[in-house]
Every structure is written in C-alpha cells, then in structure tokens.
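Q: Below: one structure in structure tokens.
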Amino acid sequence: MISKKGVTTVVSLLLVVLITFAIASSMYYWFTKIQTESQEVGTQYQEKTLTDVITELAIVDDAVYNTLAESEACIPESIKMLIQNTGAKNLDISNDSEILVSKSDGTTLCLSKFTGTCRATATGLYAAKQNSGFNANITYSTDGITWTGKDDNVGTYALLSSAEFDNTFFFGGQSNSTDITVDGARIFKSCDFENWYAEVALPQARKIHDLKVFKNQLYAATGSDGGLGKIYRRETNMSWTEVYDCGCDDVRALSVYNNQLYAGTSSAGDIFRSSNGTTWTVVPNSINDVESMLTYDNYLYVGADGGKLWRSGDGLSFGGNWILNTRDDAVTALGIFNGDLFVGTNESNDASIWRYTGSDPEPFWSKAYTAGGLSNNNSVTDFAVYDDKLYATLLSGSGGGAILNSSNDGLDWTEVNPDVDGEGFTTIINFSRCTRNYVKCVQGCDSEMKPGETRALELQLSDTDCDVSGFGTNTEFPFRINIGSSAAVSGRFSKDITASTNDKSPCEYTYSFCNGVCSGGGSCGTIYGVGCVCMAPRPCDGLSPEFSCSIGTCETGTCTNNEAAGICECL
Numbered sequence: 000m001i002s003k004k005g006v007t008t009v010v011s012l013l014l015v016v017l018i019t020f021a022i023a024s025s026m027y028y029w030f031t032k033i034q035t036e037s038q039e040v041g042t043q044y045q046e047k048t049l050t051d052v053i054t055e056l057a058i059v060d061d062a063v064y065n066t067l068a069e070s071e072a073c074i075p076e077s078i079k080m081l082i083q084n085t086g087a088k089n090l091d092i093s094n095d096s097e098i099l100v101s102k103s104d105g106t107t108l109c110l111s112k113f114t115g116t117c118r119a120t121a122t123g124l125y126a127a128k129q130n131s132g133f134n135a136n137i138t139y140s141t142d143g144i145t146w147t148g149k150d151d152n153v154g155t156y157a158l159l160s161s162a163e164f165d166n167t168f169f170f171g172g173q174s175n176s177t178d179i180t181v182d183g184a185r186i187f188k189s190c191d192f193e194n195w196y197a198e199v200a201l202p203q204a205r206k207i208h209d210l211k212v213f214k215n216q217l218y219a220a221t222g223s224d225g226g227l228g229k230i231y232r233r234e235t236n237m238s239w240t241e242v243y244d245c246g247c248d249d250v251r252a253l254s255v256y257n258n259q260l261y262a263g264t265s266s267a268g269d270i271f272r273s274s275n276g277t278t279w280t281v282v283p284n285s286i287n288d289v290e291s292m293l294t295y296d297n298y299l300y301v302g303a304d305g306g307k308l309w310r311s312g313d314g315l316s317f318g319g320n321w322i323l324n325t326r327d328d329a330v331t332a333l334g335i336f337n338g339d340l341f342v343g344t345n346e347s348n349d350a351s352i353w354r355y356t357g358s359d360p361e362p363f364w365s366k367a368y369t370a371g372g373l374s375n376n377n378s379v380t381d382f383a384v385y386d387d388k389l390y391a392t393l394l395s396g397s398g399g400g401a402i403l404n405s406s407n408d409g410l411d412w413t414e415v416n417p418d419v420d421g422e423g424f425t426t427i428i429n430f431s432r433c434t435r436n437y438v439k440c441v442q443g444c445d446s447e448m449k450p451g452e453t454r455a456l457e458l459q460l461s462d463t464d465c466d467v468s469g470f471g472t473n474t475e476f477p478f479r480i481n482i483g484s485s486a487a488v489s490g491r492f493s494k495d496i497t498a499s500t501n502d503k504s505p506c507e508y509t510y511s512f513c514n515g516v517c518s519g520g521g522s523c524g525t526i527y528g529v530g531c532v533c534m535a536p537r538p539c540d541g542l543s544p545e546f547s548c549s550i551g552t553c554e555t556g557t558c559t560n561n562e563a564a565g566i567c568e569c570l
C-alpha cells in the first residue's frame with residue numbers, strides 16, 4: 000500500500016514534469032516564432048524581392064528629383080515624395096529605420112539607414128594646370144609624389160580657383176570667348192571626382208579669381224573688363240545669384256574674418272565686407288591692387304601689388320605693411336603651415352616663397368624658396384597642406400610649372416613635375432571626402448506615422464550606396480523602396496522630372512486616396528466604410544451615395560460630390 004507521503008512525492012514529480020514540459024514547449028514555440036519572423040524579415044533583404052511585401056506605405060504623388068544633374072555620371076542628390084500610411088498600425092519612420100532600394104527585378108541599389116553618417120573616406124590632393132585649347136587638366140595624388148590625371152579636357156583654358164563645399168570640389172575657370180556677354184567664365188563641379196562639368200557660366204565674368212565658403216554658402220569672386228567685377232553666391236537650388244557689383248574690373252580675393260566676408264579688388268583699391276553676403280560696405284583706408292587675402296593669428300592679411308603685404312587687427316584699418324622684395328611684382332598667394340605664415344610672390348623667372356616666424360613688434364621674414372633657374376616659373380599661385388607637408392603650385396609663362404612640397408617647416412623644398420600637359424599649375428586643394436554615406440533623410444523621418452497620416456518625405460541619395468548613375472538620361476526603370484521590414488513604396492526613378500508611381504500597388508492598399516491598380520480592370524474607387532475597391536465605371540448621376548464620385552463618368556465636365564445635396568453631379 001502506497002503511503003500518503005509516497006503519493007505526494009509522485010504528484011510532485013508529475014507536476015515538475017508537466018511544468019518543465021510546458022516551459023519547454025513555450026520556449027520552443029517562441030523560439031520558432033522568432034526564428035520564423037527573423038527569416039521572413041531577413042528574406043526581404045537577402046532575396047532582394049519585395050513583391051510579397053504588403054504595401055502599407057504608398058506614394059501619393061509623383062516622386063520628383065530635388066536636384067537633377069547635367070551629366071550622366073552624376074546621380075540625383077535627392078528625391079521627394081508624398082507618402083501615406085495606409086495600414087492600421089503606426090509606422091516608424093526614423094533615422095534608425097532601414098531602407099532598401101531595389102529595381103523591379105529585385106537587384107539591390109542600396110541597403111542603408113537614414114542616419115546620413117559617413118562609412119568610408121578618401122583623402123589626397125587635387126591640382127589644376129592651365130593648357131591651351133580650352134583643355135585645362137586636373138590631376139590628383141594620395142601621397143604627393145605620384146600624380147594621376149583625372150580630367151584632361153575640362154573645357155576651359157585655366158582653372159584659377161578651387162574650394163571644397165558640401166562634399167564636392169568646385170573649380171573656378173575663365174571664359175572661352177572674347178565676348179563675355181555670350182560666354183562667361185564657368186564654375187566646374189564633379190559628382191564622381193573623375194570628370195568635371197560646368198555647373199554655371201557666370202554672365203559678364205572673364206575669370207573666377209576666388210571661391211570661398213561663408214556661413215554654409217559658396218561665394219565666387221569674378222573679374223572682367225570695363226568695371227564688371229562682381230560677387231556671386233550659390234543658392235540651395237544650385238543657381239548662382241549676383242550679390243554685389245563693385246564697379247571695378249576685378250574682385251581678386253575673398254576671406255572670412257571676424258564672422259564677416261571680406262572681398263579685395265584690383266585697380267579700384269577698395270576692400271568690401273559683408274556680415275550676410277548680401278549687404279556690402281566699403282572698408283575705409285583700403286589697399287590698392289589686392290591680389291590675395293588670408294586670416295592668420297587673429298589678423299587679416301592682404302597681399303598686394305609691389306610685393307607688399309598688409310594686415311589689420313580689426314578689419315577696418317590696415318598697417319604693418321612690408322615690402323618683401325623690391326623686385327617682386329605682387330603677393331599672389333598666402334598659406335599657413337605648422338603655425339607659420341607663408342607668402343608666395345610673382346616675379347619673372349624668379350617666383351619666391353617667404354616665411355613669417357616672428358611676432359610683434361619686430362616680425363621676422365625669411366626667403367624659404369626661390370624659383371631661380373627654373374625657366375618661366377613666374378608666380379606662386381596657391382598653397383595646400385596635406386599629410387604634414389606644405390604644397391605650393393608654380394605658374395609659368397609658357398611650358399614648365401611645378402608642384403613643390405616641404406616637410407620641415409618650409410626650409411627645404413622638393414619639386415614634383417606631374418606628367419600633365421600645360422603651362423603651369425594654377426590651384427591646389429587637399430581633400431577629405433566621404434565616399435560611402437548612409438542615406439540621409441532630409442525631412443519626414445523624425446517620428447512615427449499614424450494610420451492615414453500623409454507627409455512629405457525627402458531622401459538624399461548622392462554619395463550613398465544608391466548607385467542609380469548607370470541608367471542614362473531620360474531612362475526610367477521601376478524601383479521599390481522598403482522602409483523597415485513591412486512598409487514599402489513603388490514607382491519609377493527617372494533622370495527627367497517625370498515619374499509614374501504606384502504602378503505596382505494594388506487598389507485595396509491605397510486608401511484613402513484610392514489611386515492603386517486594378518489587375519482585373521475597372522477603376523479604383525472608395526466605398527465609404529469599406530475602403531478602396533475595384534469597380535466598373537458608372538454614370539455620375541447614377542451613383543449611390545455610398546460610392547465616391549471619383550469613379551463617375553461624365554460626357555462633359557468632372558463627376559463631383561455635391562455635399563449639400565448628397566449627390567454626384569457633372570460640373
């Protein structure tokens with residue numbers, strides 16, 4: 000006979016077994032469910048096919064490129080679309096969301112997040128060499144010794160200035176025509192850093208002497224004839240606006256000092272400044288024939304004709320001028336390296352580089368380099384610092400020219416002569432650019448979307464893994480965008496501003512706009528309280544009140560809802 004104690008023990012063991020089995024079953028169920036869900040989500044990305052994904056996010060209107068490139072090598076900078084949450088749940092559209100952009104055949108164009116942060120960078124130097132026949136050359140180097148040509152047919156005689164702005168390099172050129180009213184000087188940019196194209200030809204400009212970034216906008220100083228020197232500003236839509244007409248022949252140099260943009264002119268002898276880039280005032284007691292400007296050690300330095308160098312501690316009065324060499328024609332370039340100021344000058348066959356290493360009240364200048372013996376090296380045109388070395392470019396009258404580098408505080412210089420056709424180097428710039436970005440959400444990615452909510456979404460595609468550059472101008476191809484793991488939109492990319500959308504979205508998934516496709520024919524319309532359904536067209540005046548007037552047909556006019564009368568009528 001089994002004792003009560005034994006029965007209790009057996010029951011306890013059975014309970015333990017049952018509980019263990021229940022826990023194990025539950026764990027297996029949830030593990031299987033999680034694994035299945037993970038596989039389902041992963042499949043959407045791994046197989047790169049989105050045809051089976053329920054479209055809970057619909058494009059309401061045509062997707063339009065915000066910025067179109069003029070070159071087939073350039074991809075659109077961004078795409079805008081109006082989207083609506085057509086599902087029953089909130090959709091998370093945030094910077095942590097993932098986006099998968101694919102072609103209709105499932106080929107992935109990019110898989111990214113909305114953070115816009117950089118994942119890979121490239122560094123080096125770009126230099127430009129002038130050349131006859133409108134074939135200025137651009138060459139680059141990652142070590143300062145070995146140089147590789149990037150573009151040997153830019154489309155202008157010389158590239159005189161350079162600037163880095165918005166992860167892009169800009170070069171300022173000159174007019175190819177004697178008539179600048181017909182063909183002004185061009186500003187060149189590149190989308191792939193392999194080929195440059197003219198973004199704009201500035202009217203009545205013969206040369207783009209300088210480019211400078213001020214308060215997150217790019218400015219250009221131009222020169223011309225007959226008092227047509229001007230300053231232009233690049234707007235957010237890539238157009239250029241004239242912001243100042245100095246009434247002089249040339250605006251030679253720009254520099255930012257004390258949160259203001261300064262502009263130096265040539266024969267007029269005036270220096271102008273602006274706090275906003277639009278309103279300009281003349282600085283009293285200005286300097287004649289400005290050639291270069293630079294902010295250094297809390298002073299604004301101005302290089303001028305006659306080998307003169309001036310400086311100002313307040314941006315209003317200029318003193319402390321030096322004549323570096325009575326033979327120097329002009330101070331043509333200014334640079335900073337290891338805390339010292341370097342000055343490049345212009346003189347026939349004897350361009351020089353000077354170094355300033357002193358302090359008030361007795362500054363000390365020393366000649367760091369002279370181009371004596373180098374045929375036709377007439378001018379130091381620019382400085383750049385890269386990889387703990389100072390680089391300078393030399394311009395020649397005909398043939399020659401060189402790139403110099405120094406690694407020991409500018410005391411010794413090494414000449415580098417890249418195998419590039421031309422007549423001397425005109426500008427040099429170091430670069431550190433992002434080569435792989437996450438997709439950046441410009442607007443519309445800061446919160447959850449509620450069911451039925453509509454919002455504008457703008458995604459920046461340039462400099463990301465969204466490689467849509469190889470499809471040619473005016474070429475459309477179907478695309479899909481999958482946000483997160485469930486919401487998707489569909490449409491067509493195009494290099495024109497045309498874009499048809501929702502060509503894949505079933506009618507029932509496009510409520511409340513009901514602009515989806517009916518595979519079996521008919522029109523996608525609304526049944527109030529039901530949603531979007533496919534139905535055959537009907538006469539406008541014969542529609543029942545529960546139908547949307549949008550599916551009604553009229554011999555003349557448009558079928559419109561008369562809310563007061565509760566009927567559909569042709570108007």
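Residue numbers (numbering that gives the first Met the number 0): 0 to 570. Idealized CB from N, CA, C, for every residue including glycine.
Which of helix, strand or coil does DSSP assign to cysteine 539?
A: Of the three classes helix, strand and coil, the one that applies to cysteine 539 here is helix, per DSSP.
Q: How long is the line joining the alpha carbons of isoleucine 427 and isoleucine 402, rounded to whole angstroms?
A: Approximately 9 Å, taken between the alpha carbons.
Q: Taking the alpha carbon of tyrosine 368 as the reference point, which residue from Glu346, Arg185 and Ser266 has its own alpha carbon closest?
A: Comparing Cα positions, the closest option is Glu346.
Q: By a C-beta neighbour count over all protein chains shown, 10 Å radius and 16 as the cutoff for buried, is asparagine 84 buried or exposed?
A: So asparagine 84 counts as buried.
Q: I'd like to know if the stretch 107-121 and the stretch 412-420 are in contact, where contact means that at least 3 CB-CB pairs between them fall below 8 Å.
A: They do not touch, by the three-pair rule.
Q: Hey, which unbroken runs of the beta strand (DSSP E) at 3 residues or more fall wholly within the stretch 162-218?
A: Those beta strand (DSSP E) runs which fall completely within the stretch 162-218 and span 3+ residues are 167-171, 185-188, 196-200 and 206-213.
Q: Does DSSP put isoleucine 286 in a helix, a strand or coil?
A: Isoleucine 286: coil per DSSP, three-state reduction.
Q: When burial is assigned at 16 or more other CB atoms within 10 Å of the CB, is valine 282 buried or exposed?
A: Counting Cβ neighbours within 10 Å, valine 282 comes out buried, since at least 16 surround it.
Q: Below 6 Å CB to CB, which residues in the same chain sit around serine 311 once its five sequence neighbours on both sides are set aside?
A: Cβ within range, chain order: Leu299 and Phe317.
Q: To the nearest angstrom, how far is it from the Cα of aspartate 339 to the Cα of glycine 421?
A: The straight-line gap from Cα to Cα measures roughly 31 Å.
Q: Indicate the three-state DSSP secondary structure (helix, strand or coil) for tyrosine 27 in the structure shown.
A: For tyrosine 27, the predicted model reports a pLDDT of 46, less than 50, meaning its position is unreliable; a value from the coordinates is still stated below. Of the three classes helix, strand and coil, the one that applies to tyrosine 27 here is helix, per DSSP.
Q: From which residue to which residue does the beta strand (DSSP E) around methionine 237 run?
A: Methionine 237 -> no beta strand (DSSP E), and no H or E assigned at all.
Q: Rounded to whole angstroms, what is the Cα-Cα separation between lysine 88 and glutamate 447?
A: Rounded to the nearest angstrom, the two C-alpha atoms are 10 Å apart.
Q: For the pair the stretch 429-441 and the stretch 119-126, tell me if three or more CB-CB distances fall below 8 Å.
A: Contact between the stretch 429-441 and the stretch 119-126 is present, because at least three Cβ pairs lie under 8 Å.
Q: For the beta strand (DSSP E) containing alanine 303, name the first residue and the last one.
A: Its beta strand (DSSP E) spans residues 298-303.
Q: Quick one: give me the first and last residue of the beta strand (DSSP E) that lysine 88 is part of.
A: Here lysine 88 belongs to no beta strand (DSSP E), and DSSP marks it neither H nor E.
Q: Should glycine 581 go down as buried or exposed, given a rule of 16 or more other Cβ atoms within 10 Å for buried?
A: Given a span of 0 to 570 for the chain in the structure shown, any question on residue 581 remains unanswerable.
Q: In angstroms with no decimal places, state the Cα-to-Cα distance between asparagine 561 and arginine 454.
A: About 28 Å.
Q: Give me the Cβ distance between threonine 425 and alanine 157, rounded to the nearest whole Å; I'm assuming they're in contact under 8 Å.
A: Rounded, the Cβ-Cβ distance is 5 Å, consistent with contact.
Q: Using beta carbons (cut-off 8 Å, strictly below), is lysine 366 in contact with chain D?
A: Looking for chain D here will not work: only one protein chain is present.
Q: Report yes if the CB atom of arginine 185 is closer than 8 Å to the CB atom of threonine 155, and no otherwise.
A: The answer is yes: Cβ separation under 8 Å.
Q: Bridge partners for aspartate 150 per DSSP, in chain order?
A: According to DSSP, aspartate 150 bridges with Ile137.
Q: Pick helix, strand or coil for isoleucine 270, following the three-state DSSP scheme.
A: Correct three-state label for isoleucine 270: strand.
Q: Once the 5 residues before and after serine 266 are set aside, which same chain residues still bring their CB inside 7 Å of it?
A: For serine 266, where only same-chain residues beyond five positions count, the Cβ hits under 7 Å are Cys247, Asp248 and Asp288.
Q: According to DSSP, simplified to helix, strand and coil, what is cysteine 433?
A: Strand at cysteine 433.
Q: Short check: CB of histidine 208 to CB of leucine 260, under 8 Å?
A: Not a contact, by the Cβ cut-off of 8 Å.
Q: Which whole-angstrom value is the C-beta distance of lysine 229 and alanine 204, which I expect to be below 8 Å?
A: Indeed, because the Cβ distance is near 7 Å, the residues count as touching under 8 Å.
Q: Classify lysine 439: buried if its beta carbon has 16 or more other beta carbons within 10 angstroms, exposed otherwise.
A: Buried, by the Cβ-count rule.
Q: Whole angstroms are fine: how far does the CA of asparagine 136 sit from the CA of leucine 293?
A: About 26 Å.
Q: In chain order, what residues of the same chain have a beta carbon less than 6 Å from the beta carbon of tyrosine 437, not counting five sequence neighbours either side?
A: Same-chain partners within the cutoff: Ser111, Lys112, Thr114, Gly115 and Thr116.
Q: From the DSSP output, in three-state form, read off cysteine 245 for me.
A: Coil at cysteine 245, not helix or strand.
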